[in-house]
Every structure is written in C-alpha cells, then in structure tokens.
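Sequential numbering of the sequence shown, starting at 229, is according to this note's numbering. Read the structure below first, then the notes.
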Amino acid sequence: NERKAKELEQARQIQLSMLPSKIPQLPNMDIAVYMKTATEVGGDYYDFYVDSSRNITVVIGDATGHGVKAGIMVTAIKSLFSAYADELSLLDMFTRFNRGIKEMNLGALYMCFSALKIKDYEMEYSNAGMPPMLIYRKDKKEVETISLKAMPLGAFADFPYKETSLSFSPGDTVLLLSDGFPELFSKKREMIDYPQVEKYFINVAEQSPEEIINYFVQAVKDWREDDSLEDDVTFVVLKFK
229 NERKAKELEQ
239 ARQIQLSMLP
249 SKIPQLPNMD
259 IAVYMKTATE
269 VGGDYYDFYV
279 DSSRNITVVI
289 GDATGHGVKA
299 GIMVTAIKSL
309 FSAYADELSL
319 LDMFTRFNRG
329 IKEMNLGALY
339 MCFSALKIKD
349 YEMEYSNAGM
359 PPMLIYRKDK
369 KEVETISLKA
379 MPLGAFADFP
389 YKETSLSFSP
399 GDTVLLLSDG
409 FPELFSKKRE
419 MIDYPQVEKY
429 FINVAEQSPE
439 EIINYFVQAV
449 KDWREDDSLE
459 DDVTFVVLKF
469 K
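Quick look at the structure:
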C-alpha cells in the first residue's frame, strides 16, 4: 500500500524533525542520545533546554499509538516544551502540559513523559508513565532504580504529579529510556525486561555515554537478530564529570 507507506514516512520525518539538532555541551556532564524509529513510527521524543546559567532540562517522551497520530502528539509536546521549558518548575510543566494535551481532545492519545532539571550536581525529576530512570552510582558500583508511578500526560485533567530530588557525584551515570528496549521481543517472543536492562547497564556504565549507547544498540540487534523494530527505541545517557 503505497499511500500508507508514504504517510508513515512523512510521520517519521515529522517526528525526527522535532528532535534537537545538536547535543548540549556542558561543563558538568557528557550527554549522548540514540533513537531508532519503528516501522510504524512509535512517537518517541527527547529534548534539551539549557538556560543562561548552564542549567539543563532534559525530557524524554513516548506517545501512545503509532503513525501519524503519534506524530501529532510529539509535535504538541515539542511546542509546549519550547514555549515553557525556561519558565516553569517541573510540576508546573507537567500540570500545564497535561492540561494542554487534554484540551486537544485527541481521544485515547496520551504522552508518557519524563523530565529532569539539573543544576550543578543536583537534580529534580518527575515522571508521567515512562520507564524508571536508572542511575549508576560510581562509588558503590551499583544501579539505583527511580520510579515515580503516575498516569501519562493527557489521561486525567488534574492528576497530582510528584517530583523527587537527587544528588550526584562525578562518574555517576543516568539512563533514560523508552519502553521499546525493555519490551523488545526476540524471535522466540521473549522480552528483554527491566532486570536485564539493569544488567546491561551495570556491565557498561563505567564507559563514556557514546560507548554505553553503542553497547545497548548492539544488544538490541543481538536480541532481535535483525534490524526490524515493533516500537521506537530511545536512550538518553548523562554522565557527570
């Protein structure tokens, strides 16, 4: 079906055009990102905002559904983030984005979304239905799982989102990811799942963000045994220095 293929390709191009063209260079951390879109364009999104004091806001999202509708959701979130990243606290951001999406009346279309604001070695983190954030603590050589359970943006008009504060040391590494990786199926229909993701992370967490991502990308290929994906796969890795 040529028209459907063309529509999906347009949706993919829209989705990719919403991503930042370059990765921020910061004195206190190194950052690497990766996204591979599924055949049916799964609506993954990530973005950065750096203010004049070099504080950074990092977001990662995953629209429910696939194809053109997921692309519409990504476009909506991108425009909200561009407009408000500078002036809103995390909880205000979640409240405003949630209301904005709800008012778009997209039916059963929601946005899983995770955001963090970092100043020096301090982080505020909030989550709306994305997988947990994983943190490798260099001094303990172990992985912490930070999960704030909440509904995706657009699900309930006044959902009470929560935030948590965390501190970091040089060498600590943060992994944000969409569910396309933990929920990746092998040819035998076995799922990677979260405990395995933690094992992968601990194996490679001492390395640079680029090397960590390369390791994960290879893990995706090994698990799938080919290059096809049923859902988008996205990683954002931050390493404090």
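All C-beta atoms, glycine included, are put in the ideal place defined by N, C-alpha and C. All values derive from a computational prediction rather than experimental measurement.
Of the residues Q424, I284 and Q446, the one placed nearest Y349, counting alpha carbons only = The shortest C-alpha separation from Y349 is found at I284.
Taking A298 as the reference, give the member of F463, K416, L405 and M339 with the closest Cα. Comparing Cα-Cα distances from A298 to each of F463, K416, L405 and M339, the minimum goes to M339.
- Message: I'd like to check one pair, A447 with I420: are the Cβ atoms closer than 9 Å?
- Response: Result yes, Cβ atoms of I420 and A447 sit closer than 9 Å.
**Q.** Span of the alpha helix (DSSP H), counted from its first residue to its last, around F444
**A.** P437 to R452 is the extent of the alpha helix (DSSP H) around F444.
- Message: Here's the rule I'm using: 16 or more other beta-carbon atoms within 10 Å means buried, otherwise exposed. How should G270 be labelled?
- Response: Classification for G270: buried.
Original post:
What number of angstroms, rounded off, separates the C-alpha of K306 from the C-alpha of K347?
Top reply: K306 and K347: Cα-Cα distance of roughly 22 Å.
| query | Does the beta-carbon distance from D275 to T265 come in below 9 Å? | reply | Going by C-beta atoms, D275 is not nearer than 9 Å to T265.
Cβ contact (3+ pairs, closer than 8 Å) linking the segment 454-466 and the segment 242-259 = Yes, since at least three Cβ pairs between the segment 454-466 and the segment 242-259 fall closer than 8 Å, the two stretches touch.
_From the DSSP secondary-structure annotation, give me the bridge partner or partners of A260._
According to DSSP, which records beta bridges pairwise, A260 is partnered with V465.
*asked:* Relative to the C-alpha of D320, which candidate in P388, M332, L362 and F384 has its C-alpha closest?
replied: Ranking P388, M332, L362 and F384 by Cα distance to D320 puts P388 first.
**Asked** With DSSP run on the structure shown, which of helix, strand or coil describes N355?
**Response** Correct three-state label for N355: strand.
Do you know whose CA, among L405, F444 and E418, lies nearest V287's CA?
-> With distances taken between Cα atoms, V287 lies closest to L405.
Practice task
Enumerate in chain order the residues of its own chain whose CB-to-CB distance from L308 is below 6 Å, with the five nearest sequence positions on each side excluded.
Solution key: Excluding residues up to 5 positions away in sequence, F325 and G328 lie with their Cβ nearer than 6 Å to the Cβ of L308 in the same chain.
Contact check, P410 vs V432 under 8 Å by CB: the rounded distance? For P410 against V432, the beta-carbon gap comes to about 16 Å, at or over 8 Å, which does not count as contact.
Would you say L236 touches the ligand ADP, meaning its beta carbon is less than 8 Å from a heavy atom? The ligand content of the structure shown is nil, which means the ligand ADP is not present either.
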